[in-house]
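With my numbering applied, the sequence shown corresponds to residues 1209 to 1499, in that order. In this text, a Cβ means the ideal position worked out from N, Cα and C, and glycines have one as well. Comments concern the structure below.
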Amino acid sequence: MGGASSSLAGSEPFARKLCGLEDVPENCITAMFMYMEPPEICLLARVNMSFHRASRSDTVWELKLPRNYKFLVRRVLEDQQQEGDKDVLISRKREIYARLCRPNLFDAGTKEAWLDKRSGKVCLAISPKAMKITGFDDRRYWQHISSDESRFGSIAYLRQIWWLEAVGNIKFEFAPGKYSLLFKIQLGKPFRKCGRKTCNLDEVHGWDIKPVRFQLATSDGQFSMSERHLDESGRWIYHHVGDFVVENQDSPIWVKFSMLQIDCTHTKGGLCLDCVIICPNEYRGKYTYYD
């Protein structure tokens, strides 16, 4: 009896049936997916129908979504949804995750939010159009240049000014954690020559005389300030303003930030401002230079 069983188990057709992936219970696949990162889940979803069904399980994607995902749906995706589709979208966790991982414009296209595909942590970009900037609507001071280097399709170029004050704020519900805030800036006016990107430095002046002050403050009392001379021309640089910590996920926090050079003893110009980035602190290393 035992020998017969051993013989059967050793036969190729029987062994193949026992070990086939199509015979793995769907609940086991679901449990396995809970420990995987989203790109791996999407890759394994193509193995067979059992893996595909398990990859769409709300049980799996509930764990991958940030804890504040319902806020993100209301704040970021609500304007993009057609009437009558909101309840459907909210009930499908995998679709919510996929939508939030894309660059999503909100607040009339002046802000953008997206999730990191692997960790599910939120990042934000804020356009200069969402900020209060000295002389921003006056063509004598500022020029808006279309650019494929910008998340918002255009960059703000400062020709010349005596007093520069760029102030912005955002009220947002962040998941608990530590976040960094950075200004994306370039000295020099970008343009194309013979199809190649280059930079005109003729109007760059005044930034080496006095430092620029960057500030960050939150509604719960956190504050950070740094000063530095802008002395690197011809490439995008992310200037780190400071960090803030979010402990309470259930209440939005106000984040106010600014870039100041208000010494009126000299003019300054030739500066491009693309956006302000807010990202989890561990991702700050991604935003150093942008060539």
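- In terms of Cα proximity to Gln1469, the closest of Leu1273, Tyr1277 and Trp1370 is Trp1370.
- For Met1242, the three-state secondary structure derived from DSSP is coil.
- In the structure shown, Cys1331 adopts extended strand secondary structure according to DSSP, grouped into three states.
- Linking Val1232 to Arg1261 through their CA atoms gives a straight-line distance of about 12 Å.
- Contact annotation: Leu1479 and Leu1366 have beta-carbon atoms nearer than 8 Å.
- Counting C-beta pairs with one atom in each stretch, the segment 1276 to 1287 and the segment 1239 to 1248 have fewer than three that are closer than 8 Å, which means they do not touch.
- A straight-line Cα-Cα distance of about 14 Å links Gly1396 and Glu1357.
- Relative to Cys1309, the option among Trp1269, Pro1384 and Phe1344 whose CA is nearest is Trp1269.
- The Cβ neighbour count for Asn1276, taken over all protein chains shown within 10 Å, is at least 16; the residue is labelled buried.
- Where Met1257 is concerned, the enclosing alpha helix (DSSP H) starts and stops at Met1257 to Ser1263.
- Sequence-distant partners of Phe1452 (beyond 5 residues in either direction) whose C-beta falls short of 6 Å from its own C-beta, in its chain, are Tyr1387, Thr1426 and Gln1430.
- With contacts defined as CB atoms closer than 8 Å, Ile1341 and Ile1393 fail to qualify as a contacting pair.
- Pairwise C-beta distances place the segment 1375 to 1384 out of contact with the segment 1430 to 1441, as fewer than three of them are shorter than 8 Å.
- As summarised for the segment 1374 to 1412, the continuous beta strand (DSSP E) elements at least 3 residues long and confined to that stretch are 1385 to 1395, 1397 to 1401 and 1404 to 1408, given in chain order.
- Per DSSP, Cys1309 is one residue of the alpha helix (DSSP H) stretching across Lys1301 to Cys1309.
- A Cβ-Cβ separation of about 26 Å leaves His1352 out of contact with Ile1417 under the 8 Å criterion.
- For Arg1254, the secondary structure class from DSSP, reduced to helix, strand or coil, is coil.
- Burial state of Leu1271 is exposed, judged by a 10 Å Cβ sphere holding fewer than 16 other Cβ atoms.
- A direct Cα-to-Cα measurement between Ser1263 and Arg1326 gives close to 15 Å.
- Distance from the Cα of Asp1266 is smallest, within the candidate group Met1240, Arg1302 and Cys1487, for Arg1302.
- By the Cβ neighbour-count rule, Leu1280 is buried, with 16 or more other Cβ atoms within 10 Å of its own.
- Using a Cβ distance threshold of 8 Å, Leu1332 and Ile1486 count as a contacting pair.
- The straight-line gap separating the alpha-carbon atoms of Ile1461 and Ile1334 is approximately 16 Å.
- With a 10 Å radius around the Cβ and a threshold of 16 neighbouring Cβ atoms, Leu1424 comes out buried.
- Distance check between Gly1376 and each of Met1242, Ile1237, Asp1428 and Lys1337 places Lys1337 closest, using alpha-carbon atoms only.
- Within the same chain, no residue comes within 6 Å of Asp1324 by CB-CB distance, once the 5 residues on both sides are set aside.
- In this structure, DSSP gives Cys1236 a helical state, which the three-state scheme calls helix.
- At least 8 Å separates the beta-carbon of Val1420 from that of Ser1432.
- Residue Lys1476 holds the alpha-carbon nearest to the alpha-carbon of Trp1350 among Lys1329, Lys1405 and Lys1476.
- DSSP, reduced to helix, strand and coil, places Tyr1277 within a helical segment of the structure shown.
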